[in-house]
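2 protein chains.
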Amino acid sequence: MPQFMDVHHNMAGLTEEGLKAAHDADLAIQGDENVIFKQAWADPEAGVVYCLSEAPSQEAVQRIHERAGHPADEIHAVPFAV
Amino acid sequence: MPQFMDVHHNMAGLTEEGLKAAHDADLAIQGDENVIFKQAWADPEAGVVYCLSEAPSQEAVQRIHERAGHPADEIHAVPFAV
Chain P
1 MPQFMDVHHN MAGLTEEGLK AAHDADLAIQ GDENVIFKQA WADPEAGVVY
51 CLSEAPSQEA VQRIHERAGH PADEIHAVPF AV
Chain R
101 MPQFMDVHHN MAGLTEEGLK AAHDADLAIQ GDENVIFKQA WADPEAGVVY
151 CLSEAPSQEA VQRIHERAGH PADEIHAVPF AV
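So the sequences go chain by chain: P and R.
Numbering follows the working numbering, in which position 10 of the first sequence is assigned residue number 10; successive positions increment by one, without gaps.
Numbering follows the working numbering, in which position 45 of the second sequence is assigned residue number 145; successive positions increment by one, without gaps.
Take a look at the structure:
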């Protein structure tokens, strides 16, 4: 399946627990869209979060993020990885 | 060591070979600054590349990227990851 990197802005002050809770919320429903959220990284000072996933489409990624309460600001197909 | 996600813009049209060559250029000299470039992902349409690394500082990450010929446009410490 294609890989995607999505980016959330305006998350300044996010805690480690907050990141885990958001990721768990995605994991709980990701199966509904055949999305697999693999990893996420957060810079709490700049308020940016990066999420790596495998999914049928970027729309599927966004639908899961929206239902989990944190829509992405950017979603990039990343066909090349090393 | 702290983790960093750095972002390169203006890379539209980047090929898979181009990403690999850039990553290899980093790997070749990363030891000079105790940086470990772990993974990189590219969206050739939007021209954006994401690089995940472990490093003593974001300045060390940028010095390696600069010497390799592709300075980052953003470098984020990402202390939280899941």
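Glycine included, every Cβ here is placed at the ideal spot set by N, Cα and C.
For clarity, every value in this text was computed on a predicted model and none was experimentally measured.
With contacts defined by Cβ atoms closer than 8 Å, Ile64 (chain P) and Asp24 (chain P) do not form a contacting pair. Pro44 (chain P) belongs to the set of residues whose beta carbon lies under 8 Å from a beta carbon in chain R. Remark: C-beta atoms of Val61 (chain P) and Val78 (chain P) do not approach each other more closely than 8 Å.
The beta-carbon of Met111 (chain R) is placed no less than 8 Å from the nearest beta-carbon of chain P.
By the criterion of at least three beta-carbon pairs nearer than 8 Å, the region 10–22 of chain P is not in contact with the region 146–157 of chain R.
When 8 Å is used as the limit between beta carbons, Gln39 (chain P) is near these residues of chain R: Ala181 and Val182, in chain order. A straight-line Cα-Cα distance of about 40 Å links Pro71 (chain P) and Asp132 (chain R). The C-alpha of Phe137 (chain R) lies about 15 Å from the C-alpha of Trp41 (chain P).
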